[in-house]
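**Student:**
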Amino acid sequence: MISNLWLSWVLGCSGGSALIPPDPEAPSEAVDPDRIFVHGGGPVVERTCEASEEAWVMRAMPLLWGRKPHGAAEVGLWASVAREHGRDVVVRAMALDPEYQEHWLDWFTDALYTARTGDKEYDSCFESPNLSTHDGQLTQFLRTTGPTGGSFGSSFNMADVIVDALVADDVSTIYQVNLFSRMNKPVVGANVSQQELEYNRRVNFGELFYRTYLGRNMVCMGCHNSEFSVTDHPDPKLDRTWQLPGLFEAALLGESAGRDVEEAYAIFRYRDVVNDSIFGGGGRAPWDMSTSCGRFESPGSLPDRDFIDQDDAYFIEAYGPGGSIYDIERDLAEGVDALQGQGLKIATDGSVAGPDAFAYLVASNIADQVWAEATGAYLTVAHHFPRNEAQMTRLKQLADVLAQSGFSLTELLVAVTADPYFNPGLPQSCESLPYGMDPVFDPWTISEEDPHRRRNGVGDAAHRLHARALLRTTHANLMWRPRGSWLGYSGGAEEDFQSAIGVFLRESAPGHNGSDFQGILSWEREYGACDRAPLSGGDAVTQLASRAVSQGATVREVVHAIKDRLTSTGLDPEEEPLIEALLGVPLDQVVRSDPALLRGLRLYCGAVLMSPGYQLVTDVAVGEIPSLALGRRD
Numbered sequence: 005m006i007s008n009l010w011l012s013w014v015l016g017c018s019g020g021s022a023l024i025p026p027d028p029e030a031p032s033e034a035v036d037p038d039r040i041f042v043h044g045g046g047p048v049v050e051r052t053c054e055a056s057e058e059a060w061v062m063r064a065m066p067l068l069w070g071r072k073p074h075g076a077a078e079v080g081l082w083a084s085v086a087r088e089h090g091r092d093v094v095v096r097a098m099a100l101d102p103e104y105q106e107h108w109l110d111w112f113t114d115a116l117y118t119a120r121t122g123d124k125e126y127d128s129c130f131e132s133p134n135l136s137t138h139d140g141q142l143t144q145f146l147r148t149t150g151p152t153g154g155s156f157g158s159s160f161n162m163a164d165v166i167v168d169a170l171v172a173d174d175v176s177t178i179y180q181v182n183l184f185s186r187m188n189k190p191v192v193g194a195n196v197s198q199q200e201l202e203y204n205r206r207v208n209f210g211e212l213f214y215r216t217y218l219g220r221n222m223v224c225m226g227c228h229n230s231e232f233s234v235t236d237h238p239d240p241k242l243d244r245t246w247q248l249p250g251l252f253e254a255a256l257l258g259e260s261a262g263r264d265v266e267e268a269y270a271i272f273r274y275r276d277v278v279n280d281s282i283f284g285g286g287g288r289a290p291w292d293m294s295t296s297c298g299r300f301e302s303p304g305s306l307p308d309r310d311f312i313d314q315d316d317a318y319f320i321e322a323y324g325p326g327g328s329i330y331d332i333e334r335d336l337a338e339g340v341d342a343l344q345g346q347g348l349k350i351a352t353d354g355s356v357a358g359p360d361a362f363a364y365l366v367a368s369n370i371a372d373q374v375w376a377e378a379t380g381a382y383l384t385v386a387h388h389f390p391r392n393e394a395q396m397t398r399l400k401q402l403a404d405v406l407a408q409s410g411f412s413l414t415e416l417l418v419a420v421t422a423d424p425y426f427n428p429g430l431p432q433s434c435e436s437l438p439y440g441m442d443p444v445f446d447p448w449t450i451s452e453e454d455p456h457r458r459r460n461g462v463g464d465a466a467h468r469l470h471a472r473a474l475l476r477t478t479h480a481n482l483m484w485r486p487r488g489s490w491l492g493y494s495g496g497a498e499e500d501f502q503s504a505i506g507v508f509l510r511e512s513a514p515g516h517n518g519s520d521f522q523g524i525l526s527w528e529r530e531y532g533a534c535d536r537a538p539l540s541g542g543d544a545v546t547q548l549a550s551r552a553v554s555q556g557a558t559v560r561e562v563v564h565a566i567k568d569r570l571t572s573t574g575l576d577p578e579e580e581p582l583i584e585a586l587l588g589v590p591l592d593q594v595v596r597s598d599p600a601l602l603r604g605l606r607l608y609c610g611a612v613l614m615s616p617g618y619q620l621v622t623d624v625a626v627g628e629i630p631s632l633a634l635g636r637r638d
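For what it's worth, our numbering labels the leading residue of the sequence shown as 5, then goes sequentially.
#1: Given a threshold of 16 other Cβ atoms within 10 Å of its Cβ, counted over all protein chains shown, does Ala367 qualify as buried or as exposed?
#2: Indicate the three-state DSSP secondary structure (helix, strand or coil) for Thr216 in the structure shown.
#3: Between which residues of its own chain and Pro447 is the CB-CB distance below 7 Å, once the five residues before and five after are set aside?
#4: Please list the terminal residues of the continuous alpha helix (DSSP H) segment that includes Trp60.
#5: Express the C-alpha separation of Val418 and Asp568 in angstroms, rounding to a whole number.
#6: Determine contact between the region 123-143 and the region 159-176, defined as no fewer than three beta-carbon pairs at a distance below 8 Å.
#7: Just to confirm my understanding: we take Gly122, look at its own chain, exclude 5 residues before and 5 after, and list those with CB closer than 6 Å. What are they?
#8: Under 8 Å between the Cβ atoms of Asp316 and Gly304?
#9: Using a Cβ distance threshold of 8 Å, determine whether the region 541-555 contacts the region 49-63, with at least three qualifying pairs required.
#10: Work out the CA separation of Leu183 and Pro73 for me, nearest whole Å.
#11: Rounded to a whole number of angstroms, what is the C-alpha to C-alpha distance between Ile450 and Arg457?
#12: Of the choices Leu218, Pro66, Ala261, Phe209, whose alpha-carbon is the least far from that of Val234?
#13: What are the boundary residues of the alpha helix (DSSP H) that Gly122 is part of?
#14: Do you know offhand how far Ala441's Cα is from Val462's?
#15: Is it right to say His237 is buried, meaning 16 or more other beta carbons lie within 10 angstroms of its own, or is it exposed?
#16: Using a Cβ-Cβ cut-off of 7 Å (strictly less than) and excluding sequence neighbours within five positions of Arg529, which residues of its own chain qualify?
#17: Sort out for me which residues DSSP pairs Glu54 with in a bridge.
#18: Return the CA-CA distance between Leu482 and Gly75, expressed in angstroms with no decimal places.
#19: Using the Cβ count rule (16 or more neighbours within 10 Å means buried), how would you classify Val545?
#20: Mapping the DSSP letters down to three states, classify Trp375 as helix, strand or coil.
#21: State whether the region 193-210 contacts the region 171-181, with contact taken as three or more CB pairs (one from each stretch) at a distance under 8 Å.
#22: For Met187 and Glu498, what's the separation of their Cα atoms in angstroms?
#23: Count the other C-beta atoms from every protein chain shown that fall within 10 angstroms of the C-beta of Cys227, then say buried if there are 16 or more, exposed otherwise.
#24: Just grab the DSSP bridge partners of Lys538 for me.
#25: Taking all protein chains shown into account, decide if Arg468 is buried (16 or more other Cβ within 10 angstroms of its Cβ) or exposed.
#26: Roughly how many angstroms separate the alpha carbons of Gly556 and Ala633, rounded to a whole number?
#27: To the nearest angstrom, how far is the alpha carbon of Gly496 from that of Leu613?
#28: Considering Leu406, what are the terminal residues of the alpha helix (DSSP H) in which it resides?
#29: Please classify His388: does DSSP put it in a helix, a strand, or coil?
#30: Alpha helix (DSSP H) containing Glu78: first to last residue?
#31: Three-state secondary structure (DSSP) at Val167?
#32: Consult DSSP for Leu620 and reduce its assignment to one of helix, strand or coil.
#33: Please report the Cβ distance between Pro359 and Gly339, rounded to the nearest whole angstrom; I am assuming they are in contact, meaning their Cβ atoms lie under 8 Å.
#34: Where does Thr477 land, buried or exposed, given buried means 16+ other C-beta within 10 angstroms?
#35: Relative to the ligand PLP, is the shortest distance from any of its heavy atoms to the C-beta of Pro630 smaller than 7 Å?
#36: Report yes if the CB atom of His470 is closer than 8 Å to the CB atom of Glu377, and no otherwise.
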């Protein structure tokens, strides 16, 4: 919803004052943060509650389809399905839609740190699928066949791997095959020896692997790992690192504190393994996939001597100088199979089988990222571990779901959207505590001076749409041509814009989920006029204006339809005078074909696009369905 303050700024008005939420009333009794408590002998006050089915749909759709609803009608449809059949049915139904595949193709491409611009830009392997259909057969082939074991029969690339994995509902193959494809984009350099270049390539591959697969960092590991942390404490109230059960680093590196990077990263050797135009022979693409994703020498032909004389490569076990990416791929496939249906088996001393630890950390990392996509907040902090028990418990639950289900993204999404913290209700709607939630979204609130605020509130769950979802929503809901996401070697002005609003572009521009002054100005420059190339037949604003003329509708009705299309909310009586001032006509006036009015409607659309009510994911009241509402496929 557009606040008076926001529209006052748009219109150049000086009226309006900042809307500061009142401080919560202090309970009449001392707060025990670990209990649901009673005020002065009155009724029990719940810590938190869930919002409506409509609010749940408003949160679920950006997660599942990467866009906000097209209006109250679409919200109402899915909310009725959720009420009648259950929210899990809605998730499973949405997972069958092409929009789900398009969104999660982008999401996994970014999660793997695939460059969209610059030296390592990788559109040749990731941009568009080669296969015309995806039915899960490719995923089954990849799960049952080693990289040198045979051919699928049709050329495929990583985009095919991702889309087919989504259809088959087994995303483990994405991470399995990407182990090879990522090696086809090494660091490039000049004025360095081949030995120095090889070393730097290994470091780059290794650091990205530990970040995108394991959620770990070799530098941090000496102080923070699954066995101990410098912020551990025997008193749970003072403990600031809550590790998942299991000694994962010891399973993968032989020691909880890690190993020398030379040994740990030697497994990612490039020279003599990856075929390129300068070194090596013909090579072969793993699984006979598209050669645009890389060609590799066969494991049996790899030399025993390491190019830079690194005597030992270590991952799960010591391989000597002959370790390679083939060994890691085998370990991941073995670990995924071991976890399916069984879960992680931990010995009494905390030890875990290496392949199982590998696959489970991948599951945990994916779960953390999906939770952040859903809520705007990770379950881990900068040292790569949860900071409190509530975060750890959720991370373990979600990782267990993904690992035991055979890496089913659908089951993970069902679990995420079923969590009561996914759809928290406003305290005034259900008489819950203003700050009654465990510190899951913001774990630092425990240091608040006011003891009543040491938990999280619904405001901590409010977050801006992720940048790519914000772009997808804007173009889909306004029926504009999609914005390009592959920017070539030099992205120019488009790269500057997408980087400013937080889109992931490459390792050095990993994106963000915040709003700063540069990002706001960049967004206003691009979308303040609300006028871009339509898909066909006019965009949503043009179609709504034309529909209003043909039906003899009022300006209020077309304005309501624009706001509904973007936010699924109705008009606030307090903002109507500001809208009239912006448009220069009364809202009760019947719409006529008028270029000036169309320009005004686009200015209003631009104001909505810049408003917090459009860009934030939070609990809002869904409005009435407008008489001029456009359908999903209009």
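We put the beta carbon where it would ideally sit given N, CA and C, even for glycine.
**Tutor:** Let me lay it out:
#1: Indexing the sequence shown from 1 puts residue 367 at position 363. Its Cβ being crowded by 16 or more others within 10 Å, Ala367 is buried.
#2: As a working note, residue 216 is residue 212 in the sequence shown. The DSSP-derived three-state label of Thr216 is helix.
#3: Walking along the sequence shown from the start, residue 447 turns up at place 443. Correct list, in chain order: Val385, Arg391, Asn392, Gln395.
#4: In the sequence shown, the residue the question calls residue 60 occupies position 56. Trp60 -> alpha helix (DSSP H) spans 57-69.
#5: To locate residue 568, count along the sequence shown from 1; it is residue 564. To locate residue 418, count along the sequence shown from 1; it is residue 414. When rounded, the distance between both Cα atoms is 27 Å.
#6: Three or more beta-carbon pairs separated by less than 8 Å link the region 123-143 to the region 159-176, which places the two stretches in contact.
#7: If you number the sequence shown from 1, residue 122 lands on position 118. Result list for Gly122: Arg510, in chain order.
#8: As a first step, residue 316 is located in the sequence shown; it is residue number 312 there, counting from the start. As a first step, residue 304 is located in the sequence shown; it is residue number 300 there, counting from the start. No.
#9: By the criterion of at least three beta-carbon pairs nearer than 8 Å, the region 541-555 is not in contact with the region 49-63.
#10: Position 69 of the sequence shown, counted from the start, is the residue given in the question as residue 73. Position 179 of the sequence shown, counted from the start, is the residue given in the question as residue 183. Pro73 and Leu183 have their C-alpha atoms some 36 Å from each other.
#11: Here residue 450 is taken as the residue at index 446 of the sequence shown, counted from 1. Here residue 457 is taken as the residue at index 453 of the sequence shown, counted from 1. C-alpha separation (whole angstroms): 8 Å.
#12: In the sequence shown, counting from the first residue as 1, residue 234 sits at position 230. For the options Leu218, Pro66, Ala261, Phe209, the alpha carbon positioned closest to that of Val234 is the one of Ala261.
#13: Within the sequence shown, numbered from 1, the residue matching residue 122 stands at position 118. Note, Gly122: premise wrong, no alpha helix (DSSP H); not H, not E.
#14: As a working note, residue 441 is residue 437 in the sequence shown. As a working note, residue 462 is residue 458 in the sequence shown. Looking at the sequence itself, residue 441 is Met, so the reference to Ala does not match. Their Cα atoms are separated by approximately 8 Å.
#15: Position 233 of the sequence shown holds residue 237. Counting every other CB atom within 10 Å of its CB across the protein chains shown gives His237 a total below 16, marking it as exposed.
#16: Taking the sequence shown and counting its residues from 1, one reaches residue 529 at position 525. Nothing listed; no residue qualifies.
#17: Start at 1 with the first residue of the sequence shown, and residue 54 comes out as number 50. Pro428.
#18: Looking up residue 482 in the sequence shown gives position 478. Looking up residue 75 in the sequence shown gives position 71. Roughly 11 Å separates the two Cα atoms.
#19: Working through the sequence shown from its first residue, we reach residue 545 at position 541. Val545 is buried by the Cβ-count criterion.
#20: Taking the first residue of the sequence shown as 1, we reach residue 375 at position 371. It is helical.
#21: Touching, no, given that fewer than three Cβ pairs across the two stretches are closer than 8 Å.
#22: Within the sequence shown, numbered from 1, the residue matching residue 187 stands at position 183. Within the sequence shown, numbered from 1, the residue matching residue 498 stands at position 494. One C-alpha to the other measures close to 27 Å.
#23: The sequence position of residue 227 within the sequence shown is 223, counting from 1. Residue environment for Cys227: exposed (fewer than 16 other C-beta atoms within 10 angstroms of its C-beta).
#24: Locating residue 538 in the sequence shown gives position 534, where the first residue counts as 1. Here residue 538 is Pro; the residue named in the question, Lys, does not match the sequence. DSSP, once it has assigned bridges, lists Trp484 as partnering Pro538.
#25: The sequence position of residue 468 within the sequence shown is 464, counting from 1. That one is buried.
#26: Counting from 1 along the sequence shown, the entry for residue 556 is found at position 552. Counting from 1 along the sequence shown, the entry for residue 633 is found at position 629. Whole-angstrom Cα-Cα distance: 15 Å.
#27: Against the sequence shown, residue 496 aligns to sequence position 492. Against the sequence shown, residue 613 aligns to sequence position 609. Inter-residue distance for Gly496 and Leu613 is about 24 Å (C-alpha atoms, whole angstroms).
#28: Position 402 of the sequence shown, counted from the start, is the residue given in the question as residue 406. Segment 393-408, the alpha helix (DSSP H) holding Leu406.
#29: Walking along the sequence shown from the start, residue 388 turns up at place 384. It is coil, neither helix nor strand.
#30: The count along the sequence shown starts at 1 and reaches residue 78 at position 74. Looking at the DSSP string, the run of the alpha helix (DSSP H) that includes Glu78 is 76-89.
#31: As a first step, residue 167 must be located in the sequence shown, where it is residue number 163. Collapsing the DSSP output to three states places Val167 in a helix.
#32: As a first step, residue 620 must be located in the sequence shown, where it is residue number 616. If DSSP states are grouped into helix, strand and coil, Leu620 belongs with the strands.
#33: On the sequence shown, position 355 is the one that residue 359 refers to. On the sequence shown, position 335 is the one that residue 339 refers to. Distance from Pro359 to Gly339 at the Cβ level is roughly 4 Å; contact confirmed, criterion being Cβ atoms closer than 8 Å.
#34: Looking up residue 477 in the sequence shown gives position 473. Thr477 comes out buried.
#35: Absence of the ligand PLP is noted for the structure shown, with no ligands found whatsoever.
#36: As a first step, residue 470 must be located in the sequence shown, where it is residue number 466. As a first step, residue 377 must be located in the sequence shown, where it is residue number 373. Contact annotation: His470 and Glu377 have beta-carbon atoms nearer than 8 Å.
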